[in-house]
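Reading through the structure tokens given below for one structure.
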Amino acid sequence: MSKLQRVTGDCGGVITDNSGPSKQPTGMVQKFRVALGRTDIENTLLVPATWPAEPQTTLESLLDQCDRWIKFCEHWDPDDFVMHQWSKLRFIVLQLHQLGVIPDSNKFHFCHTDLVAHNNLIEIVDHSNVRITGVLDWDASFVYFVQSLSLTQRHTICGYMEMDTNGTRPTSNEWKKYATQPEYLIARRIFEIFKRGASSACDYQDMDDVIADWQEIHFDEALNKFSLSDPDTDNDSEYSGQSEDSSDSDDDVEDE
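Following UniProt numbering, the numbering of the sequence shown begins with 1 at its first residue and continues without gaps.
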């Protein structure tokens, strides 16, 4: 397990089926898929739903994934209300970056998200010790290269049982912050949305909840008067909502 912990890459995404933990990750990582598995929609997209990932920083990978979902929504249903939610989450990512929560670095960690008991092969050494001899289920649905902020899982190898202090005692303060600091909790929830997309009422509620929780700790009026901008733009400030000048000009037009 310690060997798996040291595996890193320079790009984030899904490890393809033809790769394994003993192989080098370069060239074997695919971008997280968009299009929700809808092959009928995928066939009409101007770009594929996924392709080989390229080296990116943590910030670049998150913005890129969000922009791909925005473009997908523009193609699928440009009038969908969720369009604005994607751009609000993108805005929050930029704010998290300014706070130092999302680094502009390109170190991605190997992550197996289904390390439950039945996917571990063990050798019983004695009454008190076991040795992990193998890990099963290297399905593309569970094996990724992800940012550090994404490594803490909602549930552990013990399933839904509550963890006592022993669950965090071996962990350094640097890693504990990913699990406990509110900004990292929000960043991790945003990553999950960017990874899986939004296709149900529950997904849309998750997006709303993340935005509401962000407003509670870092309120920004821009999110309340948000306007969607072109994700291709190089000016990320356009994602921060309408400016006061534009609002005033609209009022002047109405007064006339």
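Ideal Cβ positions, reconstructed from N, Cα and C, are used throughout, including at glycine.
Reduced DSSP category for residue 58 - H, G, I as helix; E, B as strand; rest coil: helix
Exposure label - residue 30; buried when at least 16 CB within 10 Å: buried
Simplified DSSP assignment, three categories, for residue 211: helix
Closest residue to residue 319 among 136, 110, 105 and 132 (Cα-Cα distance): Absent from the structure is residue 319, since the part of the chain shown begins at 1 and ends at 256.
C-beta contact flag for residue 106 and residue 65 at 8 Å: no
Alpha-carbon to alpha-carbon, residue 76 and residue 187: 26 Å
Distance CB(residue 59)-CB(residue 97) smaller than 8 Å: yes
Residue 102, DSSP secondary structure in three states: coil
Straight-line gap, residue 180 to residue 202 (C-alpha atoms, nearest Å): 24 Å
Assumed close pair residue 122, residue 130 - CB separation to whole angstroms, cut-off 8 Å: 5 Å
Cβ-based burial, residue 165 [other Cβ within 10 Å; buried from 16]: With a pLDDT of only 49 at residue 165, under 50, the local geometry of the prediction cannot be trusted, and the value read off the model is given with reservation. Under this definition residue 165 is an exposed residue.
Beta-carbon gap between residue 217 and residue 93 smaller than 8 Å: no
Environment of residue 26 [buried if 16+ CB atoms lie within 10 Å]: Any reading at residue 26 must be qualified, since the residue scores a pLDDT of 43, below 50, and its modelled position is unreliable; the value itself is stated next. With fewer than 16 other Cβ atoms within 10 Å, it is exposed.
Spatial distance of residue 82 from residue 212 (CA atoms): 15 Å
Of the listed residues 72, 10, 8 and 15, nearest to residue 197 (C-alpha basis): 72
Nearest-angstrom Cα separation, counted from residue 125 out to residue 134: 15 Å
Proximity of residue 207 and residue 85 at Cβ, strictly below 8 Å: yes
Contact set for residue 99: own chain, Cβ-Cβ below 7 Å, skip 5 residues either direction: 183
Alpha helix (DSSP H) segment containing residue 258, residue limits: No answer is possible for residue 258: it lies beyond the span of the chain, which begins at 1 and ends at 256.
Distance between beta carbons of residue 32 and residue 223, contact taken as under 8 Å: No, residue 223 and residue 32 are not in contact; Cβ-Cβ is about 25 Å, not under 8 Å.
Of the listed residues 74, 112 and 68, nearest to residue 7 (C-alpha basis): 112
Nearest-angstrom Cα separation, counted from residue 132 out to residue 61: 33 Å
CA nearest to the CA of residue 68, picked from 214, 193 and 220: 193
Residues bridged to residue 118 [DSSP beta-bridge criterion]: According to DSSP, which records beta bridges pairwise, residue 118 is partnered with nothing at all.
Nearest to residue 102 (by Cα), restricted to the options 221, 63 and 74: 63
Residue 199 versus residue 89: straight-line alpha-carbon distance, rounded: 16 Å
Under the three-state DSSP convention, the category residue 14 falls into: strand
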